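Written below as C-alpha cells is the structure these notes are about.
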Amino acid sequence: MSSNYETAKQIIQIIGKENITFMTHCATRLRFNVVDDGKVDLDALDQVEGVIKAQNKGGQLQVIIGAKVAQVFDEAKKFVDLAEDNIQSSEIKKNIVSRIVEAISGCFGPVIPVLIGCGMVKSVTAILVAVKLLDAASGTYQVISLIGDLLFYFFPFFLAVSAAKKFRTHEFLAIALAGALMYPTIQNGALAAAKSGVTSLSFLGLPVPFVNYKSTILPIILSVWIMSYVYKWVNKIVPDTFKVLFVPMLVLFIMVPLELIVIGPFGTYVGQGVAKVVTFLYTKNGVVGSFLFGTFRSLLIIFGMHYAITPINAQLIAEYGYSVIFPANLTGNLAQAGATLATFFLLKKKSEKTESFTAGVTALFGVTEPAMFGFNLKYKKPMICAMVAGGIGAAYINFFGGGATAVILPGLLALPTYIADSYIHIIIGISISIALAFGATLVLGIGSKKDKEGNPSEEISATKLDVIPFAPGKIVELNQVDDPVFSTGVMGNGFAIIPTEGKVVAPFTGKVSMVFETKHAIGLRSNNGVEVLIHIGLDTVNLKGQYFKVHVKEGDTVSKGQLLVEFDLDKIKELGYDTVIPFIVTNGAEFTNVTPKILPDSVEISLV
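If you count the sequence shown from 1, you need to add 42 to reach this note's numbering.
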C-alpha cells in the first residue's frame with residue numbers, strides 16, 4: 043500500500059469515522075468537522091507518518107499534511123461513510139485534457155495489478171505455444187487462456203467498480219450498466235450481425251446497435267460518469283419513503299437506454315469514420331498514412347475505435363495476401379513498451395518500478411493495456427513519446443514495403459507472420475520505435491506527475507532565486523505569520539507579505555504548477571526548478587473562492603510581474619480573516635539550506 047493510503051487510514055482511525063460529520067482540504071491541510079473534539083488524540087495524530095501537525099482551530103480539526111494533502115484526502119475518503127455533500131475537495135484547477143486523462147487513468151489505477159497479472163499469463167502462454175511446450179488445441183491451453191482473457195473480456199465490469207469509486211456514485215448500479223453492455227442479446231447480436239444482416243434492436247422506435255463491448259473502455263467510464271449526476275438528481279427528487287423502490291429503477295430506466303443507444307455506440311460510429319480516413323490516407327500516400335495511423339492508433343484504443351480497422355486488415359490479407367496497415371499496430375504496441383520500460387528508470391518507488399517493468403514486458407508481447415493506462419497515459423509525456431515513435435517506425439516499414447500476413451496479437455511473437463522479403467526492415471522499424479520511445483521518455487521525463495512521485499524531470503540548478511514582491515505591502519519574516527504551519531517552517535522556508543492591495547503577481551518567471559479550486563492558493567515553478575506556494579490569507583479556503591479572481595491556469599507560462607490573482611482585500615478583512623500572504627519554497631527538501639534575505643525592494647533566496 044502507498045504511504046498516502048497508510049497515512050489516511052491512521053488519521054481516520056484516530057479521529058473515528060463515526061466522529062466525522064464533514065471533511066474537506068485546502069492547500070496544506072485536511073479539515074474535519076467532528077462530533078466530539080475530546081475523542082481526538084492530537085498527540086497521536088502528530089505521530090502519524092506524513093502528518094506535520096494536528097490542531098483544533100476555528101471550530102475545525104485541522105491535520106496539516108503539506109504538499110501531498112490532495113493525495114491523502116483522496117485516500118481518506120475511502121474510510122468514511124459520508125454523504126456526497128459532506129465531502130468537499132478543494133481540487134486543483136486543471137484543463138479539460140488533464141481532467142479527462144486523470145479520470146481515465148484514475149479508473150484504471152485499482153485494476154492495474156489484475157491487468158498486469160492477466161497480461162503476464164497471456165504473454166507466457168504465447169511463448170509456451172511458440173516453443174511447442176503447449177498445444178493450442180489442448181484443454182490445458184483453454185483453461186490458461188481463460189485466466190489470461192478473463193479481465194480483458196469482462197473489462198467493463200472491472201472498470202465499472204473503479205469508475206464508481208472515482209466518481210463517487212453507486213457501485214452496484216455501475217455494475218448493472220456494465221451488465222447491460224455485456225448482456226448476451228447485445229454480444230451475440232454483434233457476433234452474428236455480419237451473417238444475419240441484423241445490426242440492431244428497436245427501442246421505442248430508436249435503434250439499439252449490436253456492438254461488441256468486450257474489452258471496451260470508454261463506454262462504461264462515460265456511462266458511470268453520467269450516471270453519477272443522474273443518480274444525484276433522481277435521489278433528490280424521490281421522497282425518502284420511496285427511495286429504495288424507485289431510485290435504482292429510475293436510474294436504470296434512464297441510463298441503460300442512453301448507454302445502449304448513444305454512449306456505447308458512439309465509439310463505433312466514429313471508428314467507422316476513422317477507418318474510412320485511414321483507408322483514404324493509405325491509398326493516397328502509404329508512408330504518410332502509416333505515420334499518422336501509427337501515431338494516433340493508441341488514441342483509438344483509448345476510445346475503443348481501433349476495432350473498426352480490423353475488417354480492413356482482414357480484407358487486405360484476403361485479397362492480396364498481406365496488410366500494409368497492420369504493421370502500425372506492431373510498432374505502436376512496441377513503442378508503448380519502450381516508453382514504459384523507460385519509466386522504470388524514472389520512478390523511485392520500488393513497487394511502481396516493479397509494476398512498470400512488468401507492464402513494459404507484457405507490452406512487448408502485445409498486451410499494452412497495463413503499460414498504456416497504468417503508466418504512459420498517467421504521466422502523459424511517455425504517451426506522447428510512444429505515439430510519435432510508433433508512427434515513425436510504421437512509416438519506415440511502409441516505405442520498404444513491409445506487411446503482415448495474419449491478424450494476430452501485435453507483439454514480438456507475431457514477427458513470423460510478416461513478409462519474409464521485408465523482414466529485415468520489420469526488425470529495423472520496430473527497433474526504431476522501441477529505441478525512440480525509450481530514449482525520448484528518458485530525456486523528457488514523466489511530465490506533470492513528477493511532483494507526486496518525487497522524480498523531477500528537470501534538474502534543479504538554482505543557487506539563488508531573486509524574487510520581486512508579489513503583492514504591494516510589507517515584507518515580513520515567516521515567523522511573524524500567525525499560523526504554525528507556516529511560521530515554524532514545517533511546510534518550508536520563505537517569507538510573507540502583509541498586503542495593502544488585493545492583487546498577487548508572479549514573483550519570478552516560470553510556470554503555474556497548480557491553481558486551487560478555491561482560488562486562495564497558487565503554485566509556481568521557476569525556470570531553474572524551484573517550486574513555491576503562494577497562500578493568500580489564513581483559513582481563506584472557507585471562502586470557497588468568493589472574493590478571488592484568478593487570471594491564470596495550470597500549465598501557463600508567466601513572466602515576472604504578471605498578474606496572477608485579484609482579491610477583495612477589504613471584504614476579506616471585514617469577515618475577520620488574516621490577509622497575510624505566505625510564500626513557501628515547497629521543494630526545499632531537495633536543498634541542504636533555503637535562506638531568504640529580505641532586501642528593500644526584493645527578496646533574495648539562497649539555495650544550497
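Glycine residues also receive a C-beta, built at the ideal position from the N, C-alpha and C atoms.
Note that this is a predicted model, so its numbers are computed, not measured.
- The C-alpha of residue 628 is placed about 14 Å away from the C-alpha of residue 530.
- CA-to-CA, the gap between residue 226 and residue 378 works out to about 33 Å.
- The beta carbons of residue 376 and residue 472 sit closer together than 9 Å.
- Beta-bridge annotation (DSSP): residue 75 is paired with 64.
- Listed in chain order, the non-local C-beta contacts of residue 102 below 6 Å within the same chain comprise 73, local neighbours out to five positions each way being set aside.
- Between residue 513 and residue 86, the alpha-carbon positions lie close to 38 Å from each other.
- Annotation: residue 407 to residue 120 spans about 35 Å, alpha carbon to alpha carbon.
- Per DSSP, reduced to three states, the secondary structure at residue 449 is coil, with no helix or strand assignment.
- With respect to the C-alpha of residue 145, the residue from 421, 432 and 541 having the closest C-alpha is 421.
- Contact check for residue 466 and residue 457: beta-carbon distance about 11 Å, past the 8 Å limit, so the pair fails to qualify.
- Taking a C-beta distance under 9 Å as the contact criterion, residue 170 and residue 222 do not qualify as a contact pair.
- Within the model, the alpha-carbon separation for residue 364 versus residue 276 is close to 54 Å.
- With a 10 Å radius around the Cβ and a threshold of 16 neighbouring Cβ atoms, residue 291 comes out exposed.
- Three or more beta-carbon pairs separated by less than 8 Å are not found between the segment 77–97 and the segment 577–594, which leaves the two stretches without contact.
- Straight-line spacing of the CA atoms in residue 247 and residue 232 works out to 20 Å.
- Spatial neighbours of residue 368 in its own chain (CB-CB distance under 6 Å, excluding positions within 5 residues in sequence) are listed in chain order as 355 and 446.
- Take the alpha-carbon of residue 280 and the one of residue 261: they are about 27 Å apart.
- By the criterion of a C-beta distance shorter than 8 Å, residue 615 is surrounded in its chain by 621, once the five residues flanking it on both sides are discounted.
- About 5 Å separates the CB atoms of residue 437 and residue 329; that is less than 8 Å, so the two are in contact.
- In the three-state reduction of the DSSP assignment, residue 326 falls in the helix class, which pools H, G and I.
- Contact between the segment 602–613 and the segment 532–546 is present: 3 or more CB-CB pairs across the two stretches fall below 8 Å.
- Spatial neighbours of residue 164 in its own chain (CB-CB distance under 6 Å, excluding positions within 5 residues in sequence) are listed in chain order as 190 and 409.
- Under DSSP, residue 556 forms a beta bridge with 565.
- Leaving aside the five residues that flank residue 600 on each side, the residues in its chain whose CB is nearer than 8 Å to its CB run, in chain order, 548, 551, 552, 553, 554, 566, 594 and 606.
- Around the beta carbon of residue 155, fewer than 16 other beta carbons sit within 10 angstroms, so the residue counts as exposed.
- A residue is called buried once 16 or more other Cβ atoms fall within 10 Å of its Cβ, and residue 157 is buried on that count.
- If only uninterrupted beta strand (DSSP E) runs of at least 3 residues are considered, those enclosed by the segment 171–250 are 242–245.
- For the pair residue 122 and residue 426, the Cα-to-Cα distance works out to about 38 Å.
- In the same chain as residue 429, and ignoring 5 residues on each side of it, the C-beta atoms closer than 6 Å to its own belong to 337 and 340, in chain order.
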